[in-house]
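By the numbering used here, the letter at position 63 of the sequence shown is numbered 120, and the numbering carries on one by one without gaps.
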Amino acid sequence: MEAIVEIIKTLKGLSEAFSWPIVVLISFLVFRAPIKAYINRITFAYHGKTAVHSPLDKQQVPTDMTASINKLGKMPERPVEVETNTNELEKVEVQKESGADAYLKSFDNPLLKDVEDRISEDLSARNIVDPSDKTEVLVRALASTQLALLTERIYTSIWGSQVRVLRFLNGQENGVDISALRPFYEVAKSDYPDWYKEQSFERWLGFLTSYNLITVEKTRYVITVAGRQFLRYIAEAGKPERLYG
């Protein structure tokens, strides 16, 4: 339940811009499968100030940020594009409808219609009635939810030593040489030898670069906008300090 509470806590901020029906639909229907997988990956549990933890076999390092976001809610493949002309217009329309039907069916849920109705009512109450305006609003809500869930995913997987690296780099305007980061790894490896049996320095650092929390500029490592936003998220959400790893 802790994971669900944390997700709801994160999405609470989104309600300032979008009402809860929109956030609920996008979060728990569009991303229902990834949320389940996310819960299964939890390695920390907190009760008060006490943390119960189990070592991760390996941190999951994405190939890039786009891949990370796609894993949260992968869109079905688009139908094959067909050249449109007068003779084949009807054929194209059929293919588009077929693709839309398949996509909509992937969200089938007994509660879906009720939530959809409440979203429509909320949009109407906000005087968002133009189709293009609705699209813009819902795309923004979807993007915000994807980022919120990605941030939660990072928080669940990141280790304490990596958070300390982010805090350290946050105060280094010109960045640092890679040699300045290795001590963080060595201390953590000494404190948690079982965790680091198969965790090389390169892989440990690669977790941060793959999630675009830090980057390299002219051989120097610097924190990114995403890294600063992650630290801000931890502070504003009142997240427990990562002490392990």
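Ideal placement from N, C-alpha and C gives every residue a C-beta, glycine not left out.
Specify, as a first and last residue, the run of the beta strand (DSSP E) that residue i falls within.
i: Ile280; result: 277 to 280
i: Val273; result: 271 to 274
Let me check understanding here. Comparing Cα to Cα, which of the options lies closest to residue i?
i: Asn268; options: Phe241, Glu209, Ala157; result: Residue 268 is actually Tyr in this sequence, not Asn. Among Phe241, Glu209, Ala157, the Cα nearest to that of Tyr268 is on Glu209.
i: Gly263; options: Ser247, Val282, Arg239, Tyr249; result: Arg239
i: Arg260; options: Leu195, Ile215, Leu206; result: Ile215
Hey, residue i and residue j are a contact pair by Cβ (cut 8 angstroms); roughly how many whole angstroms apart?
i: Val279; j: Ile271; result: 7 angstroms
i: Gly228; j: Leu300; result: Contact doesn't hold; Cβ gap of about 20 angstroms is too wide.
i: Val233; j: Leu226; result: 7 angstroms
i: Leu180; j: Lys191; result: 6 angstroms
i: Phe18; j: Ile185; result: Not covered by the structure: residue 18. The range shown for the chain is 58 to 302.
i: Arg277; j: Asn231; result: 7 angstroms
Label residue i either buried or exposed according to how many other C-beta atoms from any shown protein chain fall within 10 Å of its C-beta, with 16 as the threshold for buried.
i: Gly130; result: The predicted model places Gly130 with a pLDDT of 40, which falls under 50 and marks its position as unreliable, so this point remains unresolved.
i: Gly302; result: buried
i: Val220; result: buried
i: Val273; result: exposed
i: Thr202; result: buried
i: Ala157; result: exposed
i: Ala245; result: buried
i: Gly284; result: buried
i: Phe164; result: exposed
i: Ala198; result: buried
i: Ile176; result: buried
i: Leu168; result: exposed
i: Leu206; result: buried
i: Leu265; result: buried
Taking the alpha helix (DSSP H) that residue i belongs to, which residues open and close that run?
i: Ile176; result: 169 to 182
i: Gly263; result: 258 to 267
i: Tyr212; result: 188 to 214
- prompt: What alpha helix (DSSP H) runs, 4 residues minimum, are completely inside the segment 220 to 249?
  reply: Listed in chain order, the complete alpha helix (DSSP H) runs (minimum 4 residues) inside the segment 220 to 249 are 239 to 248.
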